Every structure is written in structure tokens, then in C-alpha cells.
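Chemist: To start, I am sharing the structure in question, which I have written as C-alpha cells.
Numbering (my numbering), first residue to last: 7 to 272.
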């Protein structure tokens with residue numbers, strides 16, 4: 007495929023075709039490289055998003071730093087087991103202003119540092135937001151409620167937000183984790199996770215209980231949703247860009263999970 011050049015106006019025009027508008031609250035997942043040659047890189051993608059929703063809207067992105075989890079969880083799979091305790095003892099405590107994202111992409115990494123952006127306090131599963139509802143979305147991100155009702159995802163659902171996938175599929179659609187929390191299915195389980203964080207001015211290795219994240223079927227859920235619903239898509243540069251109502255995909259996914267994950271245990 008011939009590599010295309012993408013300008014800020016191309017992005018804004020594409021977002022407009024998808025129905026994004028002033029005042030929208032949108033969670034965004036982006037593969038910058040999928041777009042082609044983006045003239046200005048991550049900066050113009052963020053500017054185009056913010057200029058589309060304007061001051062009355064809000065952009066939110068995952069800014070997860072999941073390397074700050076216990077090595078036993080598999081996040082340091084490339085390191086020998088004899089190093090694990092040293093990692094637990096020495097991994098830097100989460101700092102919302104400093105800690106980089108892990109595999110969230112170049113756009114999300116720039117966005118967490120964007121002037122005026124707010125970032126949630128979860129040491130491994132944080133989100134960053136900019137706009138009218140940014141503070142509401144990221145505040146009080148509980149250690150155990152990583153993707154649930156009081157998390158940024160649950161709050162975005164309360165705001166009737168939208169999901170924007172730029173060059174990525176539903177396997178990257180974080181909102182499906184909210185459906186995972188809400189759904190009732192056999193095999194649903196909880197586990198202890200641990201992270202380095204600051205507690206009363208001191209670095210501590212803190213353990214907390216969370217729902218075990220199960221995202222292996224997110225791609226299948228997305229395919230079923232798009233087959234059943236009218237989902238808005240456009241092409242910007244070399245990328246397919248998809249937009250949907252968050253409540254729509256979450257509500258659909260709850261029913262899908264309850265119906266289909268049961269089959270694993272029949």
C-alpha cells in the first residue's frame with residue numbers, strides 16, 4: 007500500500023465525518039504509524055482531537071504503566087526469576103508526572119504530558135485526560151477498581167462518552183474491560199496485584215485485589231458488535247478510524263460475555 011501523508015486538517019475532517027463534535031467526551035486509542043506519514047506526528051493528532059471537542063469536551067487516553075506490577079504476574083517475562091525480588095525492591099514508585107506509559111503508543115505518551123492534562127493516580131492502570139471533565143474522570147482512581155464503575159471508564163460511561171479507535175482494533179478497546187467488570191460469567195476471578203507507590207512520602211510495595219483482566223475475546227466481541235450495529239468508519243491516511251458510543255459497545259459486550267464465556271466451562 008502506498009504510504010500517505012496526513013495533515014491536521016485531514017484528521018479534523020475525518021473526525022467530523024465520524025460525528026465527533028464540540029462537547030464530546032471521547033476515549034482515544036491510536037496507532038500513529040498506521041496513519042502513514044503524519045506531518046507533525048503525535049502533536050497534530052492531539053491538537054486535532056482537542057480542537058474538535060473544544061473546551062466543552064474532553065479527551066481521555068489510557069496511560070497505563072503496567073510494568074509496575076509484580077514480576078510474578080508476567081509483566082517482566084524477559085527477566086530471570088532470580089531478579090524478581092530486586093525488581094520488587096527497587097522499581098520506582100509511580101509518579102503521575104514522571105512515570106512513562108507502557109505500550110500505549112506515541113500519542114498517549116505525549117498526551118500524558120500535554121499542558122493541562124490530568125492523570126489518574128493508579129500506579130499501573132492510569133488514564134490521562136484533558137478538557138472540561140478531565141478532573142472528574144481521573145480523580146479517585148481506586149487501586150482495586152481499575153476498570154469498573156468508579157474508574158475513569160465507568161465515569162466516561164456515566165457521561166455517555168464515545169470511543170475512537172485510530173488504526174487499532176477492538177483488542178485495544180479499553181472500554182471492553184468495563185463490560186468485563188459488569189458481566190457475570192463462570193470463571194470470573196480476582197487476584198492480588200502489587201505496585202510500587204508513594205505512601206505518606208515513602209516508597210512502598212503495595213498489594214491490592216483486582217479483577218483478573220480477561221481480554222482474549224475482545225477482538226471477537228468487536229467483530230460481533232460491528233456485524234450487528236451500524237458503526238461509523240472512515241479512512242484517514244492509511245488507517246481505518248472507527249467511532250462508536252461507549253454505552254453501546256459496553257452494553258453489547260456484557261451480553262456477549264455472559265452468553266459466550268459460559269461455553270468455556272460447559
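Using N, Cα and C, we set each Cβ at its ideal position, and we do this for glycine too.
Bear in mind the structure is a predicted one, so any value in this text is a computation, not a measurement.
(1) Looking only at its own chain, which residues have a Cβ that is under 6 Å from the Cβ of residue 197, when we skip the five neighbours before and after it?
(2) Only counting the same chain, and skipping five residues up and downstream in sequence, which positions put a Cβ closer than 7 Å to that of residue 69?
(3) Determine, using beta carbons only, whether residue 74 and residue 201 come nearer to each other than 7 Å.
(4) Who does residue 240 pair with in a DSSP beta bridge?
(5) Helix, strand or coil: how does DSSP classify residue 31 here?
(6) Around the C-beta of residue 28, are 16 or more other C-beta atoms found within 10 angstroms, so that it is buried, or is it exposed?
(7) CB-CB under 8 Å to residue 166, same chain, minus the five flanking residues each way: which ones, in chain order?
(8) Alpha carbon to alpha carbon, how far is residue 67 from residue 16? Give it in angstroms, no decimals.
(9) Considering only residues of the same chain and omitting the five flanking positions on each side of residue 174, which have a CB-CB separation below 6 Å?
(10) To the nearest angstrom, report how far apart residue 203 and residue 150 are at their CA atoms.
(11) Using DSSP with H/G/I as helix, E/B as strand and the rest coil, what is residue 198?
(12) Which one of 89, 127, 78 and 123 has the shortest CA to CA distance from residue 99?
(13) Identify whether residue 115 lies in helix, strand or coil by the three-state DSSP scheme.
(14) Name the one or two DSSP bridge partners that residue 43 has.
(15) Rounded C-beta distance between residue 256 and residue 181? I'm assuming under 8 Å.
(16) Which full runs of the alpha helix (DSSP H) of 4+ residues lie inside the segment 90-164, going along the chain?
(17) The alpha helix (DSSP H) spanning residue 169 covers which residue range?
(18) Excluding the 5 residues flanking residue 296 on each side, which residues of the same chain have their C-beta closer than 6 Å to its C-beta?
(19) Got a sec? Which residues, its chain only, sit under 6 Å from residue 258 by beta carbon, not counting five neighbours each side?
(20) Inspect the CB distances between the segment 9-26 and the segment 236-243 and report whether three or more fall short of 8 Å.
(21) I'd like the list of long-range same chain contacts for residue 211, defined as Cβ closer than 7 Å, with 5 residues on each side in sequence excluded.
Modeler: Per the coordinate set shown:
(1) Working through the chain shown from its first residue, we reach residue 197 at position 191. Non-local beta-carbon contacts of residue 197 in its own chain, meaning distances under 6 Å to residues more than five positions away in sequence, involve 218 in chain order.
(2) Looking up residue 69 in the chain shown gives position 63. Within the same chain, residue 69 has close Cβ partners 107, 110, 114, 118, 125, 132, 133 and 134.
(3) Here residue 74 corresponds to residue number 68 of the chain shown, with the count starting at 1. Here residue 201 corresponds to residue number 195 of the chain shown, with the count starting at 1. The Cβ atoms of residue 74 and residue 201 sit closer than 7 Å to each other.
(4) As a first step, residue 240 is located in the chain shown; it is residue number 234 there, counting from the start. Partner(s): 247.
(5) Here the question's residue 31 lines up with position 25 in the chain shown. For residue 31, the three-state secondary structure derived from DSSP is strand.
(6) Within the chain shown, numbered from 1, the residue matching residue 28 stands at position 22. By the 10 Å Cβ count, residue 28 comes out exposed.
(7) Along the chain shown, one-based indexing puts residue 166 at 160. For residue 166, where only same-chain residues beyond five positions count, the Cβ hits under 8 Å are 31, 251, 252 and 253.
(8) Counted from its first residue, the chain shown places residue 16 at position 10. Counted from its first residue, the chain shown places residue 67 at position 61. Approximately 21 Å between the Cα atoms of the pair.
(9) Here the question's residue 174 lines up with position 168 in the chain shown. Closer than 6 Å at the Cβ level, and outside the excluded window around residue 174, lie 35 and 37.
(10) The residue labelled residue 203 in the question sits at position 197 within the chain shown. The residue labelled residue 150 in the question sits at position 144 within the chain shown. Note on geometry: alpha-carbon atoms of residue 203 and residue 150 lie some 14 Å from one another.
(11) Here the question's residue 198 lines up with position 192 in the chain shown. In this structure, residue 198 counts as strand in the three-state DSSP scheme.
(12) On the chain shown, residue 99 is found 93 positions in, with the first residue counted as 1. The candidate whose alpha carbon is nearest that of residue 99 is 127.
(13) The residue labelled residue 115 in the question sits at position 109 within the chain shown. Residue 115 sits in a helix when the DSSP states are folded into three classes.
(14) Working through the chain shown from its first residue, we reach residue 43 at position 37. Beta-bridge pairing links residue 43 to 11.
(15) One-based indexing of the chain shown puts residue 256 at position 250. One-based indexing of the chain shown puts residue 181 at position 175. At roughly 6 Å, the Cβ-Cβ gap stays under 8 Å, so residue 256 and residue 181 are in contact.
(16) Listed in chain order, the alpha helix (DSSP H) elements of length 4 or more contained wholly in the segment 90-164 are 90-96, 112-117, 140-144 and 158-164.
(17) Walking along the chain shown from the start, residue 169 turns up at place 163. Segment 168-172 is the beta strand (DSSP E) holding residue 169; no alpha helix (DSSP H) there.
(18) In the structure as shown, the chain starts at 7 and stops at 272, and residue 296 therefore has no counterpart that could be examined.
(19) Within the chain shown, numbered from 1, the residue matching residue 258 stands at position 252. Here the set comprises 231.
(20) Contact holds: three or more Cβ-Cβ distances are below 8 Å.
(21) Here residue 211 corresponds to residue number 205 of the chain shown, with the count starting at 1. Same-chain partners within the cutoff: 94, 200 and 202.
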